[in-house]
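Letter by letter, the sequence shown follows residues 979 to 1071 in the numbering used here.
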Amino acid sequence: MMHIRENYFIEKNETEYILKKRMNKEGEQIGYDHLGAYQTIREARDAAIKEMIREEVNRRKSAPLHEIIYLMRQKYKELSRENSFFCRFTWRV
């Protein structure tokens, strides 16, 4: 499994890349929510970016629309930089 950022992970099986989100709190057993399956790692990465942006927008529901649009653009630029996106690789077979 590959840790992306925050609580997001990509797991590879024989045919696809699976985007997962860690759903546990401190001291609890680790659980993952299956967010989608993708043919390429780039598709999984783009889906993770969209999910992170969606989460951030939901946190700021009461903000004006122009602020949300600015935030979305800023977050996308930050997350879509190829080298800075992945935190670490921890593939387990």
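Glycine included, each C-beta is placed from N, C-alpha and C at the ideal position.
Helix, strand or coil at residue i [DSSP, three-state]
{"i": "Lys1039", "result": "coil"}
{"i": "Met980", "result": "strand"}
{"i": "Arg1000", "result": "strand"}
Span of the beta strand (DSSP E), counted from its first residue to its last, around residue i
{"i": "Glu989", "result": "Tyr986 to Lys990"}
{"i": "Gly1014", "result": "Tyr1010 to Tyr1016"}
Closest Cα partner of residue i within the set the options
{"i": "Asn985", "options": "Met1001, Gln1052 and Glu992", "result": "Met1001"}
{"i": "Lys999", "options": "Ser1058, Glu989 and Glu1006", "result": "Glu989"}
Distance CB(residue i)-CB(residue j) smaller than 8 Å
{"i": "Ala1025", "j": "Gly1009", "result": "no"}
{"i": "Tyr1054", "j": "Ile1019", "result": "no"}
{"i": "Ile1046", "j": "Arg1037", "result": "no"}
{"i": "Glu1033", "j": "Leu1049", "result": "no"}
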